[in-house]
Amino acid sequence: MNNTLTFRFAKRSDTALILQFIKELADYEKMLDEVVANEATLETWIFDKQKAEVIFAVVDNKEIGFALFFHNFSTFLGRSGIYLEDLYVKPEYRGNGYGKAILKKLASIAVERGCGRLEWWCLDWNKPSIDFYLSLGAKPMSDWTVYRQYEMTRRKQKSNSP
0 MNNTLTFRFA KRSDTALILQ FIKELADYEK MLDEVVANEA TLETWIFDKQ
50 KAEVIFAVVD NKEIGFALFF HNFSTFLGRS GIYLEDLYVK PEYRGNGYGK
100 AILKKLASIA VERGCGRLEW WCLDWNKPSI DFYLSLGAKP MSDWTVYRQY
150 EMTRRKQKSN SP
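Residue numbers for the sequence shown follow numbering that gives the first Met the number 0, so the first one is 0 and each next one is one higher.
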C-alpha cells in the first residue's frame, strides 16, 4: 500500500457506490431514515439530467471518500459557485488529510471553472466537522438562516390524485 490519494469523477456504473456513500454519511449524521434516494433516481439526476457531480477520493485503487456537488449562482458576484452537498470520508481513513484534500480538489475545480465561491452547510451538532472547517479558514454564515420547503414532488403528486 502506498496511500497515494487520487481523484476521479463518478461514472454511471458508480451509481450503487454513490448511494452507498450517501447512506454511510446519513448514518453518521443520524439521518439514515431520511434517505429516500435510490439508484434509479441518482442515475437520472446525476448522469441523465447532469444536475450534480461526484468525485471520489481513491487510495490504493479503493474509493475511500466522496463529494457530491453542483453549481449554484450568486447574483451579487454575477457568477456561479460550487455548492458542496455531501463530503464523506470512511471512518478508517479519517485523520490522514483526505477530507482536506477533497476540499482542496473542489476549490481547484471552482477556480478552473471561474466560480466565485465554494460553500456548504454543516449540522450544528457536528463539532468535529465544524472544527475541521474552521481550521481551514472557512467562515460560518451566522447572519443567514436556511429555509426549506419539503417534498415538492410528493405534494404535486398528492394534489393530482383523484
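Just so you know, even glycine gets a beta-carbon here, dropped at the ideal spot from N, CA and C.
1) Taking the alpha-carbon of P178 as reference, which of S128, L117, I81 and W120 has the nearest alpha-carbon?
2) Taking contact to mean 3 or more Cβ pairs, one atom from each stretch, closer than 8 Å, check whether the stretch 113-121 and the stretch 38-53 are in contact.
3) In chain order, which alpha helix (DSSP H) runs of at least 4 residues are fully inside the stretch 93-125?
4) N60: which of A25, A106, R7 and Y149 sits nearest, CA to CA?
5) Should T14 be labelled buried (16 or more other beta-carbon atoms within 10 Å of its own) or exposed?
6) Would you call the stretch 93-106 in contact with the stretch 57-76, where contact means no fewer than 3 C-beta pairs closer than 8 Å?
On the basis of the data shown:
1) As shown, the chain starts at 0 and ends at 161. That puts residue 178 outside it, with no answer to give.
2) no
3) 97-111
4) Looking up residue 60 in the sequence shown gives position 61. Ranking A25, A106, R7 and Y149 by Cα distance to N60 puts R7 first.
5) Along the sequence shown, one-based indexing puts residue 14 at 15. Buried is the call here.
6) In short, these stretches touch, since the Cβ pair count reaches three.
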